[in-house]
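What follows is one structure encoded as structure tokens, with my remarks underneath.
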Amino acid sequence: MLQPSSILEEVQEHLPSMLAADAHELARQLQIHQTKIFAPTAQKTIRSFQPSEAAAFIGIGEGYLRQIAAEGHGPEPLANGRRLYSSEDMDRIRRVLDDKNGAAKYVPTRRPGEKLQVIAVMNFKGGSGKTTTSAHLAQYLALRGYRTLAIDLDPQASLSAMFGHQPELDVGEAETIYGAIRYESPRPVAEIVRATYTPNLHLIPGNLELMEFEHETPKAMLQARTEAMFFARIGEVLGDIESFYDVVVIDCPPQLGFLTMSALCAATSTLITIHPQMLDVMSMSQFLSMTSELMAVVERAGGRTSYDWMRYLVTRFEPNDGPQSQMTGFMRAIFGNRMLQHAMLKSTAVSDAGVTKQTLYEVERSQFTRGTYDRAMDSLTQVNSEIEALLRSVWGRK
Ligand SMILES: Nc1ncnc2c1ncn2[C@@H]1O[C@H](COP(=O)(O)OP(=O)(O)OP(=O)(O)O)[C@@H](O)[C@H]1O
Ligand SMILES: [Mg+2]
């Protein structure tokens, strides 16, 4: 029989190589699994929209859209006479409408005096819905016609994967925002930004190299280097490409490190996602007090700490779950109108789409029972419109 001590020794001796081998095999098997369910070569696209959906994205009535299409500005009708609208069609129709009106009304891009808005989506609680929220918000804004930049600040890079950029395969050295904010030979950020298959949406992808920022920043601070104001770096970099965008959405990692603090200092608004369960809410309370303490330090060093707005967003909400409803009511009583009025419902449409790294704007509606898809989409639209209204009010628009 093996002595307990000899078992221990064996583990200790081989742990590093064991972990390395496990990691390798896991990555390999996951890759195979992913390829089976969603071929990497499969073209990711935004789906086509029904006239009612397209009219809502453009911001006009369905009848008016029909008229514009009949005038030859819409897509060709299908064999059954119906028209389906791509995101390109919607962009084109916005421009046609503005030409007709002789005013910039339907193309919603920034006007003189309206500043770039940067939304940091955060919470150090893992799985609180940051990436799902960021991906759907960024695509929604792009579909509404805003020039949108999504930044994946999470070394796990789920947002990049969702937008079709595999962190291990498609993102090379210095191709994340780390390339532009690193202390040694930073690259121009314009070289790092990528277009996506969604018109109006660009991406700065992430991968493991983002971790370097957490390691390099303390070193740079010890050397008291003047460019070492770590919290200013993302903001500075965004300044270089500011004029190309209306809104930036930053998907933060589930930790309160230098990356998240830098995102907070670059942000003009923050969205804290929260799954309404006791443990998550308790951990959020810790997150809030830690953030507040860290921000006080950053403030003393000259960092930005005031925002146009901050909101809590309840995610994966199950209205029929008593404790969840109670927890949501509890938060509403404390946070008041700093909670978004609408919560994002838990839906198998969202989680199933997530398995194939897709959003609700990508999966075909016919894949789901109609009620399931529509309920999820309605909830998503309510949440995203509420955020859009906040953005517009910062610009002084209705
Ligand atoms: N509304 C929803 N309905 C159903 N499932 C959801 C919903 N929102 C998120 N999920 C699922 O919950 C899981 C966690 O979501 P997500 O990855 O967005 O969280 P996160 O905060 O970004 O996590 P991490 O902290 O690891 O970055 C995912 O599997 C996602 O598909
Ligand atoms: Mg995430």
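For the record, in the sequence shown the residue sitting at position 366 is 365 according to numbering that gives the first Met the number 0, with numbers rising by one throughout.
For each residue, glycine too, the CB sits at the ideal point set by N, CA and C.
Treat the numbers as computed from the prediction; the structure is a model and nothing was measured.
Straight-line CA distance for E298 to T304? 6 Å
Figure out for me which residue from A388, F367 and V354 has the closest Cα to the Cα of T131. V354
Using 8 Å as the threshold, is the C-beta distance between I118 and L152 below it? no
Among E172, F334 and V192, the one whose alpha carbon lies nearest that of S184: E172
What runs of the beta strand (DSSP E), each 3 residues or longer, lie entirely inside the stretch 356 to 390? none
Can you tell me where the alpha helix (DSSP H) with H135 in it begins and where it stops? Element bounds for H135: K129 to L142.
I need the DSSP call for H201, collapsed to helix, strand or coil. strand
Among residues of its own chain, excluding the 5 on either side of V95, which ones have a beta-carbon nearer than 6 Å to its beta-carbon? H72
On the DSSP letters alone, give me the boundaries of the beta strand (DSSP E) that V248 sits inside. According to the DSSP assignment, V248 belongs to the beta strand (DSSP E) that extends over V246 to D250.
Any heavy atom of ligand 2 within a distance shorter than 7 Å of the CB on S159? no
Contact belief for V246 with T314 at Cβ below 8 Å, rounded distance in angstroms: 20 Å between Cβ atoms; not a contact.
Take E52 and list the residues in its own chain whose beta-carbon comes closer than 8 Å to its own, dropping the five residues that flank it on each side. Y84
Please state whether DSSP places D21 in a helix, a strand or coil. helix
Runs of alpha helix (DSSP H) lying entirely within the stretch 61 to 106, each at least 4 residues, in chain order: 61 to 67 and 86 to 100
Separation of L18 from I386, as counted between CA atoms: 43 Å
How is the beta strand (DSSP E) around I59 delimited, first residue to last? Looking at the DSSP string, I59 is not in any beta strand (DSSP E), and its letter there is neither H nor E.
I need the boundaries of the alpha helix (DSSP H) containing S157, first residue and last residue. S157 to M161
Just verifying my parser: in three-state terms, what is the DSSP assignment at V170? In the three-state reduction of the DSSP assignment, V170 falls in the coil class, being assigned neither a helical nor a strand state.
Find out if the Cβ-Cβ distance for the pair F230, I180 is shorter than 8 Å. The answer is no: Cβ separation not under 8 Å.
Quick check: what's the CA-CA separation for A103 versus R93? 9 Å
Assumed close pair I433, E361 - CB separation to whole angstroms, cut-off 8 Å: For the chain, the structure presents residues 0 to 397; residue 433 sits outside this window and is missing.
Report yes or no: do three or more beta-carbon pairs, one from the stretch 338 to 348 and one from the stretch 109 to 123, lie closer than 8 Å? No, the stretch 338 to 348 does not touch the stretch 109 to 123.
Exposed or buried, E70, counting other C-beta atoms within 10 Å across all chains shown (16 or more means buried)? exposed
For a quick check, are the C-beta atoms of A266 and I249 less than 8 Å apart? Taking 8 Å as the Cβ cut-off, A266 and I249 qualify as a contacting pair.
By Cβ distance below 7 Å, which residues in the same chain neighbour A54 in space, the five residues on each side in sequence not counted? G60, E61 and L64
For L209, which three-state DSSP category applies? helix
Could you name the residues that DSSP lists as bridge partners for A149? L202 and V248
C-alpha gap between M330 and I271, whole angstroms: 13 Å
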